[in-house]
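Enquirer: Below: one structure in C-alpha cells.
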Amino acid sequence: MDEKLQIELEDAASQSWWARILYTLGSQYGRTQLRFVGKTDDDRRLYVSDTFPGPPLGATPPEEQWAPGMEASLAELRQQIARDGWSETSRGQKPWELTFARRAGS
Numbered sequence: 158m159d160e161k162l163q164i165e166l167e168d169a170a171s172q173s174w175w176a177r178i179l180y181t182l183g184s185q186y187g188r189t190q191l192r193f194v195g196k197t198d199d200d201r202r203l204y205v206s207d208t209f210p211g212p213p214l215g216a217t218p219p220e221e222q223w224a225p226g227m228e229a230s231l232a233e234l235r236q237q238i239a240r241d242g243w244s245e246t247s248r249g250q251k252p253w254e255l256t257f258a259r260r261a262g263s
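Below, the structure written as C-alpha cells:
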C-alpha cells in the first residue's frame, strides 16, 4: 500500500498561542510568518519548511512578489521530500498544491 503526502500552506503562528503573540508583536503592517507543511492522509506532519513573511491567509493566496522567500522555501521542502523517496503524483492550481506517494515503510 502506498503512503500519500500533501503539501499545505499554514500560518506558522496558528500552531501555538506563544508563537501567535511573538509574531503579532514582531510583525509589520499586518504581515505574518507562513510556511509549508507536508502532511500524510492521517494528518501527521512529516515535513515543515522554513518560514517566510506574507499577508495573513485569506481569500488571496500569497505570491513571491509580496511573500519573499516563498519559492525558495517550497523548493527546499520539495528537495527534502524527494530525498526521502517520495514521488510527485499530482499538482493543483496553486504552486504548493502538490501530492506525493511512496511505498509504505520506505
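If you read the sequence shown in the numbering used here, its first letter stands for residue 158, the second for the next number, and so on.
No residue lacks a Cβ here, since even glycine has one placed at the ideal position from N, Cα and C.
1) Would DSSP call Glu-146 helix, strand or coil?
2) Short of 6 angstroms in beta carbon distance, which residues of its chain neighbour Thr-217, apart from the five on each side in sequence? Order them along the chain.
3) What are the boundary residues of the beta strand (DSSP E) that includes Ser-247?
4) Just reading off the alpha helix (DSSP H) that Val-235 is part of, what are its end residues?
5) Excluding the 5 residues preceding and the 5 following Ser-247 in the sequence, name in chain order all residues of the same chain whose CB lies nearer than 7 angstroms to its CB.
Expert: Put simply:
1) For residue 146 there is no data in the structure shown, the boundaries of the chain being 158 and 263.
2) none
3) 244-248
4) The sequence given here has Arg at residue 235, not Val. Unbroken alpha helix (DSSP H) run through Arg-235: 227-240.
5) Thr-256
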